[in-house]
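Heads up: the sequence shown begins at 1447 in the numbering used here, then just goes up one per residue.
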Amino acid sequence: MQHQKSCGLVVYRPADHTFLLLQHAKANHWDNPKGKIESNERETQTALRELEEETGITAAVILPGFREHIRYFFYHNKEKIVKDVYFFLATTDEEVVTLSKEHKNFMWLPFEQAVRQVTYDNAKNILKKANEFLQSH
1447 MQHQKSCGLV
1457 VYRPADHTFL
1467 LLQHAKANHW
1477 DNPKGKIESN
1487 ERETQTALRE
1497 LEEETGITAA
1507 VILPGFREHI
1517 RYFFYHNKEK
1527 IVKDVYFFLA
1537 TTDEEVVTLS
1547 KEHKNFMWLP
1557 FEQAVRQVTY
1567 DNAKNILKKA
1577 NEFLQSH
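Below is the structure:
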């Protein structure tokens, strides 16, 4: 069994109170930007790098105090992979998204629509926690 560690961001635009979601090109699911951590990289560095690689967004600020973890597994070539993903919350004023080849679509959505649009329950829970964090800070 192999373990993987990834980091990602819930991206929020305060100007219009929307969250960014990306649609994966192959699997079609909607999710937050995320990716594998590289050697000698801090979690927040990974999250910001992946945001830039997947969306072209470079001006994002991570809000201190929000760090959520999810764990899931999948099979690749008949081997079970356990994946730990750590999410941070970031704000941006950027609206323009330049998608990488990994994704085929994006949307900026208000919270209620974003929760309905995102595919997996663990991603829905991360969005809910991020929204609660924003409301309390």
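Note that the Cβ used here is the ideal one computed from N, Cα and C, for glycine as well.
So, helix, strand or coil for D1530, using DSSP? strand
Do E1540 and A1493 have their C-beta atoms closer together than 8 Å? no
Which runs of the alpha helix (DSSP H), 4 residues or longer, sit entirely within the region 1460-1501? 1489-1501
Since T1537 and P1479 are thought to touch, with beta carbons under 8 Å apart, how far apart are those beta carbons, to the nearest angstrom? Actually they do not touch by this definition, with Cβ atoms about 14 Å apart.
Cβ pair count under 8 Å reaching 3, the region 1495-1503 against the region 1517-1525: no
Along the chain, where does the beta strand (DSSP E) containing A1576 start, and where does it finish? Not the beta strand (DSSP E): A1576 falls in the alpha helix (DSSP H), residues 1567-1582.
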